[in-house]
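Residue numbers (the numbering used here), protein chains in the order written: chain A, 77 to 601; chain B, 448 to 940. Glycine included, every Cβ here is placed at the ideal spot set by N, Cα and C. Okay, so here's the structure we're looking at.
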């Protein structure tokens, strides 16, 4: 037990660790004791080397639990999503189920990216069991969050009323504090589970995480809780006993009671950014989806973890630069691996432990894009200052497209992807899947091949490539010569294409099948 | 632990990381040897003519021994060699002294002379003369002052046709006191391809290194390679011997293809200089439709995937994607499949000299259409190989580094002027392994000092280990496309 927990235990006079409490003869929360306890808690926190939150928390009582169910339960929804995914050369829909929480009267819902990101279709089941369509407003794979909106026309037509939950703060969460998770585990909608906060700054360093290859988990630490959650709970709210949403349930080790939620601090920032950047047409349809724009300098940061002696710097100063991307602003400015970053744009950095890494990464992400910033570095015991321009953070995953007639799906080669694979440049598109029996497969093309030109015409970016592809299909070219890069070498592939006009119809039929299945509300995962 | 069957030098060197400890525990009855008879050309293959071939051959065949001295210990290896001149120059298969063995680590060369009657072995000192990778052979010679009283064998370029008989002479292993034996088989086919081979019927041939004779007793080739057999005698509990009989090698290298190597064997002072074009990622034109598209059906073609900056092909203006269809006006020799074209092409260029000019005829896609060009290229010298560079083994933390070679930088896609040392061995359960140092890591900095050379690295390392033996060693390494920081904690006493 930490000193903090012991303090709380003694002050409150009850055992409040994850179980519902019986009303005791001594009132469990006398204002005076509570204040004292809170005061000591704050001091306890100040003593601790790492912050775990501090301040007042509301403990569970049977009444409060019921309050939560009445206030927040009705705002939690089930999502049935058809996400766009490219498999075997085809654009298909991957069905999934998750949870979300309505947080505004305009029908906006917070959920995970891995539930609703890249959604082509979303069907919402409200707490009153009504089914309504929804649309994707914006998403952010970097934090695994998405914002979805109920079809308000449908809502009005059907005369549906819905409540919404209040978004709280995660900064004041305390280890051992009671929390409630609500969602749709295994397709069982409107399920409530209860537990405590196990950790407020969980990090999975050094493992890199990803969702289908999309980078994630870099910009915040997780809330770890022992409320049992299961597949299907993703996107649902983690709620404190004052009925405020403090996190978005995201992942766990099923059956182990080791579960993780995105803190509201992060979710709020992301949701605000998405809502601020979404653009609508005059008729209310979405023009461009909302997104979070972040900055990048091309440096990978690592905690110093008692290498301070080795680098001869004070403890609690600096962060280690463990790699520098080719062609990035940092590389061009002369930043080198194993330099220590002391200060960036006037702000000092301090990453001694992995838990402090997310904050440092956020600091970089929040730099002003397009401007020049100064970095103060320590190299070989000497300080130096370098200037570099700030660029936009890009994913290694580019936009994906389906090439129906060739039986392949391709993705734009991004700057990041080109750097990682050490390609000569970021022109061309990379094959992500092929369809057995079709032209690309017959020509023995493989995932990872980069197509650089079609019939001698260079395909510098996705748009140019698609234009060339469309032209070739229009002209019904039966033979197409591609220049491809595989590994280090350039070679050729000749596609022999049989034009299949039935392909279009096939996909439509598939979509219909997906819709038909989704109509059944009792469909569990 | 089951003893591993060492099928090749590569396997041996790889296993070196985990240790190999072959044991010889076979008891075999020694049989009587054949009597010496005079050599006479035989029209048919009766027992006497075969016996006379054996005697003639055995007189020129020697057992070559060397020690593989590496981080895990010392391994004595023996193989079969043939003396080819009056100075005692001995030819062995390149498999026996494979380029996989770092030169520094193959030492203590000896000839093992076995007394036929008593089985007593005498050792004579020998030296490693060098490899000739162009022809698949390597050479050993007697040390200075040593006289090898062995008559040379002359190989002749005399093609044996399918149906003809051939005789291969070999030696059994130590358990049989290296007793000679013969194999008689029939030629099945002469196969073309990157390395011409003559295939024989199922009675097979002797072990790798065995010379092969035609019915006239002329040496027309030798057994130079096998996927299933080791070039080493006495490996793995007599298994080598058993497999040599039960599953004898069935192909030999015809003399016509390797005779030039015997005319000018390398010496330690003048090794063979290997020529280099400076290209990589070569492939054959496997797609018939593409061949049709370019009107290259039936033409062996080599597609050049990557032209390496700073090397002869690049300087001459060859471009990535170019398809080579002729060398000095002559088509690339036909292999049996289009996949063989690159190897055939490379092998033929390998046999050209450094500084020689070759003209490549290439087909190239240009914005103005498909063009056919003749590109003259002056061949350069092949960059230094891994086996020829210095190594240093640091026993305390359990890893070996070697000088970096061009191939390392190419594979890592690093700048060609990058300096550092490459990890060539990590001892299991060592501090280096625990610190996650990896095989083939390129170390560029040690404790924040840039690595300039192996000498400097060794100096800095030793100083650190002496002055601050308890402190971690922090290395910056290039691993694949990433750069990592590796900390090695010295073991606590």
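Note the first and the last residue of the continuous beta strand (DSSP E) segment covering residue i.
i: residue 773(B); result: 770 to 774
i: residue 887(B); result: Element bounds for residue 887(B): n/a, residue is neither H nor E.
i: residue 464(A); result: 458 to 465
i: residue 841(B); result: 838 to 841
i: residue 408(A); result: From DSSP, residue 408(A) is part of no beta strand (DSSP E) but of the alpha helix (DSSP H) over 405 to 409.
i: residue 174(A); result: 166 to 178
i: residue 700(B); result: 698 to 701
i: residue 573(B); result: 568 to 579
Let me know if residue i comes out buried or exposed under the rule of 16 or more other beta-carbons within 10 Å of its beta-carbon.
i: residue 393(B); result: What is shown of chain B runs 448 to 940, which leaves residue 393(B) out entirely.
i: residue 858(B); result: exposed
i: residue 482(B); result: For residue 482(B), the predicted structure reports a pLDDT of 38, less than 50, and the residue's modelled location is therefore unreliable. A value from the coordinates is still provided. Its Cβ having fewer than 16 others within 10 Å, residue 482(B) is exposed.
i: residue 485(A); result: buried
i: residue 415(A); result: buried
i: residue 251(A); result: buried
i: residue 479(B); result: Note that residue 479(B) has pLDDT 38, beneath the 50 cutoff, so the model's placement of it is unreliable and no number is given.
i: residue 163(A); result: exposed
i: residue 551(A); result: exposed
i: residue 130(A); result: Since pLDDT at residue 130(A) reaches only 46, below the 50 mark, its modelled position is unreliable, and the value read off the structure follows with that caveat. Buried: at least 16 other Cβ atoms inside 10 Å.
i: residue 601(B); result: exposed
i: residue 325(A); result: buried
i: residue 826(B); result: buried
i: residue 484(B); result: Confidence is the limiting factor: at residue 484(B) the pLDDT is only 39, short of 50, which leaves the residue's position unreliable, though a coordinate-based value still follows. It counts as exposed.
i: residue 276(A); result: buried
i: residue 420(A); result: buried
i: residue 575(A); result: exposed
i: residue 896(B); result: exposed
i: residue 515(B); result: buried
i: residue 939(B); result: exposed
i: residue 339(A); result: buried
i: residue 332(A); result: exposed
Can you give the beta carbon distance from residue i to residue j, rounded, assuming they're within the 8 Å contact cut?
i: residue 573(A); j: residue 481(A); result: 6 Å
i: residue 300(A); j: residue 329(A); result: Contact flag wrong, Cβ pair sits at about 11 Å.
i: residue 472(A); j: residue 284(A); result: That pair is no contact at about 11 Å.
i: residue 930(B); j: residue 399(A); result: 5 Å
i: residue 701(B); j: residue 606(B); result: 7 Å
i: residue 933(B); j: residue 922(B); result: 5 Å
i: residue 191(A); j: residue 347(A); result: Not really, about 15 Å apart at Cβ, beyond 8 Å.
i: residue 750(B); j: residue 567(A); result: 6 Å
Determine the extent of the alpha helix (DSSP H) in which residue i is found, giving its start and end residues.
i: residue 564(A); result: Element bounds for residue 564(A): n/a, residue is neither H nor E.
i: residue 880(B); result: 878 to 881
i: residue 721(B); result: Residue 721(B) -> no alpha helix (DSSP H), and no H or E assigned at all.
i: residue 502(B); result: 494 to 507
i: residue 666(B); result: Unbroken run through residue 666(B) is the beta strand (DSSP E), 666 to 669; no alpha helix (DSSP H).
*If contact means a Cβ-Cβ distance below 7 Å, which residues of the region 856 to 868 of chain B contact chain A?*
Along the region 856 to 868 of chain B, the positions whose C-beta sits under 7 Å from a C-beta of chain A are 860, read in chain order.
_Ordered list of beta strand (DSSP E) runs contained in the region 622 to 664 of chain B, each at least 3 residues_ = The qualifying runs are 627 to 638, 644 to 647 and 658 to 660.
*Using a Cβ cut-off of 8 Å, which residues of the region 396 to 428 of chain A contact any Cβ in chain B, in chain order?*
Of all residues in the region 396 to 428 of chain A, 396, 398, 399, 400, 413 and 414 have a Cβ within less than 8 Å of some Cβ in chain B.
_Residues of the region 724 to 746 of chain B in Cβ contact with chain A at a cutoff of 7 Å, in chain order, please._
Cβ contacts with chain A: 727, 728, 730, 734, 736, 737 and 740.
*Which ranges would you report for the alpha helix (DSSP H) in the region 445 to 514 of chain A if only whole runs of at least 4 residues count?*
Whole alpha helix (DSSP H) segments, 4+ residues: 491 to 496.
_Ordered list of beta strand (DSSP E) runs contained in the region 309 to 363 of chain A, each at least 3 residues_ = Listed in chain order, they are 313 to 316, 320 to 329 and 334 to 339.
*What residues in the region 530 to 562 of chain A bring their beta carbon closer than 9 Å to a beta carbon of chain B?*
Those would be 532, 555, 557, 559, 561 and 562, in chain order.
_Residues in the region 444 to 456 of chain A having any Cβ partner in chain B nearer than 9 Å_ = Shown in chain order are the members of the region 444 to 456 of chain A whose Cβ falls below 9 Å from a Cβ of chain B: 455 and 456.
*Secondary structure, beta strand (DSSP E): runs of 3+ residues fully inside the region 383 to 444 of chain A*: Taking only runs of at least 3 residues, the beta strand (DSSP E) segments lying wholly in the region 383 to 444 of chain A are 395 to 400 and 416 to 420.
_Under 9 Å, CB to CB, which of the residues in the region 889 to 900 of chain B have a partner in chain A?_
For the region 889 to 900 of chain B, the set of positions with a beta-carbon nearer than 9 Å to some beta-carbon of chain A reads 891, 892, 894, 895 and 896 in chain order.
*Between the region 805 to 838 of chain B and chain A, which residues of the former have CB atoms less than 8 Å from a CB of the latter, in chain order?*
Close to chain A, meaning a Cβ-Cβ distance shorter than 8 Å, are the following residues of the region 805 to 838 of chain B: 812 and 814.
*What residues from the region 767 to 798 of chain B come within 8 Å of chain A, judged by C-beta to C-beta, listed N to C?*
For the region 767 to 798 of chain B, which is checked against every Cβ of chain A, the residues closer than 8 Å are 767 and 768.
*Quick one, which residues of the region 365 to 391 of chain A are near chain B if we go by CB-CB under 9 Å, in chain order?*
So the close ones are 376, 378, 383, 385, 386 and 387.
_List, from N- to C-terminal side, the alpha helix (DSSP H) runs of 4 residues or more that fit wholly inside the region 730 to 757 of chain B._
The region 730 to 757 of chain B contains these whole alpha helix (DSSP H) runs: 735 to 740.
*Select from the region 141 to 161 of chain A all residues with a C-beta closer than 7 Å to any C-beta belonging to chain B, and list them in chain order.*
Legend: CB atoms of the region 141 to 161 of chain A lying less than 7 Å from CB atoms of chain B are not found in any residue.
*Mind checking the region 484 to 498 of chain A against chain B and listing, in chain order, the residues whose C-beta falls within less than 9 Å of any C-beta there?*
Cβ contacts with chain B come from 495, 496, 497 and 498.
*asked:* Against chain A, which members of the region 512 to 532 of chain B pass a CB distance test of less than 9 Å?
replied: So nothing in the stretch comes that close.
*When Cβ atoms are compared, which residues of the region 658 to 688 of chain B fall closer than 8 Å to chain A?*
Answer in chain order: no residues at all.
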